[in-house]
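Written out below as structure tokens is the structure these notes cover.
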Amino acid sequence: MKQALFEITENKKIADNVFLMRLAGDTDAITRPGQFVNVKIGGLFLRRPISVCDSEPGLLTLIYKTVGGGTKRLSEMQPGEKADILTGLGNGYDVSLSGDTPLLVGGGVGVPPLYKLAKVLISQGKHVKVITGFNTAAEAFFTKEFRALGAEVFVATADGSEGIKGFVTDALSAAGEYGYFYACGPEPMLKALYRATKTSGQFSFEERMGCGFGACMGCSCRTVTGYKRICREGPVLCKEEILWR
Amino acid sequence: MAVKSTSVNLCGTELANPVIPASGTFGYGYEFAEFYDINVLGTFSFKGTTREPRFGNETPRIAETPAGMLNAVGLQNPGVDKVISEELPRLAKCFEKKVMANVSGFCREDYVYTCKKLAECEQVGWLEVNISCPNVHGGGMSFGTSAASAYEITRAVKDAVSKPVIIKLSPNVTDISEIARACEAGGADGISLINTLLGMRIDLRRRRPLLANGTGGLSGPAVFPVALRMVWQAAKAVKIPVVGMGGVSSAADVLEMMCAGATAVEVGAANLVDPYACRDIINGLPDEMEKYGVNDIKEIIGAAL
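So, in structure tokens, the structure goes:
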């Protein structure tokens with residue numbers, strides 16, 4: 000965990016209501032894919048947690064969807080502006096469990112953290128398959144970017160305007176065999192995937208947070224192994240420890 | 000600049016400065032030790048602890064508000080036994096001072112039981128008895144909204160422990176002076192206020208309360224003027240020390256609270272947004288004192304009464 004001042008170098012729309020922001024600053028505290036950052040936005044009290052899409056020394060990439068006032072203001076920030084960010088939050092994905100043929104499944108703005116994950120797994124020589132799911136083609140993003148990393152990509156859209164018609168679970172048969180999976184997306188998608196998958200895997204959850212670093216108990220959930228804070232012991236939970244509410 | 004004295008005396012114990020992280024915003028301390036050396040604090044009030052472990056309310060428990068936030072955590076904590084066997088030893092590794100033990104309960108026996116156990120701990124310097132949690136049902140705030148039950152809980156805890164007892168009051172009352180006086184009559188060594196103000200938000204998409212609990216407690220800068228007013232009223236009503244809190248987020252806010260009658264000042268929501276908030280407020284005190292011609296911070300306690 001670290002607080003650092005970042006400078007925005009790019010902030011652009013990449014799909015309907017979806018923005019990509021690149022920032023320059025100290026990323027040392029980010030150690031695993033699937034971690035998140037908590038961004039201070041002018042005029043708002045609470046920070047906004049956003050998953051890390053990619054990080055390299057000194058460079059941070061975030062992809063976020065404009066859903067409310069906070070993310071709307073974030074989308075209006077300009078290159079050159081500074082952002083106060085708490086970095087390296089949450090546990091992130093455990094890549095040591097991936098096996099040789101991991102499947103990565105993301106829905107909507109659950110897709111971004113899978114990018115860094117795919118990058119890491121591919122660099123370790125794994126054969127990575129990615130399923131991304133969106134409502135419609137206009138909201139889809141990063142298909143090319145995942146392919147450029149060397150991943151096999153399957154896109155599903157609810158209205159069938161791109162790729163397979165349906166949800167990410169409808170793309171499972173097209174994706175074929177896999178030995179382990181990693182997922183991130185809205186809770187109904189995670190729940191459906193939980194039932195549809197045969198192997199073990201890891202799920203990344205979303206919750207409204209107060210602090211993002213374990214102090215306020217605002218984002219707790221029940222698991223097989225006791226109460227966990229999504230911001231601290233999560234956001235990634237193993238399939239075996241999940242208790243659906 | 001003349002040397003500034005920031006020390007205060009809270010119920011017989013000297014604090015290097017009056018800034019105290021408030022319960023529920025500082026966990027059991029060690030999370031913040033990852034950001035800075037928390038020994039710069041005079042003390043801090045740890046997460047509200049109950050007799051039995053509690054999960055608390057369902058989520059969402061948190062919502063943004065203008066210049067503040069709502070929370071409805073509902074006293075999640077591991078229970079007093081685990082606090083003593085696990086949290087306090089872990090805290091001892093990063094905090095060498097006395098901690099303020101915040102206690103909540105659902106009946107008189109709960110309060111007495113939990114306070115007694117915590118008072119036996121060497122690390123505990125004060126008991127802050129929360130009779131004002133707005134987010135639990137059948138306890139918490141209901142004790143703090145009647146003078147008779149505030150007196151009863153105070154008396155029962157005081158009879159059971161010898162360490163200083165500070166009663167944490169609810170702002171959700173018609174007459175704070177009456178409740179403050181009841182605690183004093185019950186033998187309280189101090190009072191602290193305000194706990195959060197009861198509030199709510201609606202999720203317009205779902206046409207339902209945003210928080211799973213329906214209502215929650217409002218905190219943050221939005222409540223500062225209300226808190227200040229209530230600290231001022233309570234300080235006029237009693238002779239025992241008052242710990243002021245509610246929306247404090249700067250060194251100037253601390254000085255205002257002290258002028259209103261606070262001997263020490265708790266800082267809550269600010270810690271959640273900026274983990275360095277208390278450290279920065281402490282560091283900012285000498286300059287702020289210089290600005291207003293204060294050399295010894297004790298001289299302004301109650302200056303505006």
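These protein sequence lines map, in sequence, to chains A and B.
In terms of numbering that gives the first Met the number 0, the first sequence opens at residue 0 and continues consecutively.
In terms of numbering that gives the first Met the number 0, the second sequence opens at residue 0 and continues consecutively.
Cβ coordinates follow ideal geometry from the N, Cα and C atoms, glycine included.
Exclusion of the five residues before and after A:P185 leaves G106, G107, G109, E205 as the residues of its chain whose Cβ lies within less than 8 Å of its Cβ. Listed along chain A is no residue with a C-beta nearer than 9 Å to that of B:V102; the closest approach is about 16 Å. Rounded to the nearest whole angstrom, the C-alpha separation of B:I152 and B:V128 is 9 Å. A direct Cα-to-Cα measurement between A:L22 and A:A173 gives close to 36 Å. Annotation: B:E51 is outside any alpha helix (DSSP H) and is labelled neither H nor E by DSSP. Out of A:C230, A:D99, A:N37, the CA that lies nearest to the CA of A:L4 is found in A:N37. The C-alpha of B:A250 is placed about 7 Å away from the C-alpha of B:I281. With respect to the C-alpha of A:A147, the residue from A:G98, A:K115, A:G24 having the closest C-alpha is A:K115. Taking 3 residues as the minimum length, the beta strand (DSSP E) runs contained wholly in the segment 87-130 of chain B are 98-102, 123-129, in order along the chain. Chain A places no beta carbon closer than 8 Å to that of B:E127, leaving this residue out of the contacts.
Against chain B, the beta carbon of A:G217 has neighbours under 7 Å at R60, I61, N70, V72, listed in chain order.
In the DSSP annotation of this structure, the continuous segment of the alpha helix (DSSP H) that includes B:T153 starts and ends at 146-159. Per DSSP, A:E206 has no beta-bridge partner at all. The alpha helix (DSSP H) runs of length 4 or more contained entirely in the segment 234-270 of chain B are, from start to end of the chain, 250-258. Within chain B, the C-beta atoms nearer than 7 Å to that of A:M208 come from I61, in chain order.
A:G24 and A:P78 have their C-alpha atoms some 13 Å from each other.
Here B:A179 has I190, A233, A236, V237 as same chain residues with Cβ atoms under 6 Å from its own Cβ, once five neighbours each way along the sequence are excluded. Every unbroken stretch of the alpha helix (DSSP H) spanning 4 or more residues and falling wholly within the segment 57-106 of chain A is given here in chain order: 68-74. The segment 39-51 of chain A makes no contact with the segment 126-143 of chain A; the number of CB pairs closer than 8 Å stays below 3. As DSSP reads the structure, A:F133 sits in a beta bridge with A:T156.
In this structure B:G26 is not in contact with B:I37, their Cβ atoms being roughly 11 Å apart against a cut-off of 8 Å. Contact annotation: in the segment 23-37 of chain B, residues whose CB is within less than 8 Å of a CB in chain A are G23, T24, F25, G26, E30, F31, E33, F34.
Three or more Cβ pairs closer than 8 Å define a contact, and the segment 77-97 of chain A falls short of that threshold against the segment 150-168 of chain A.
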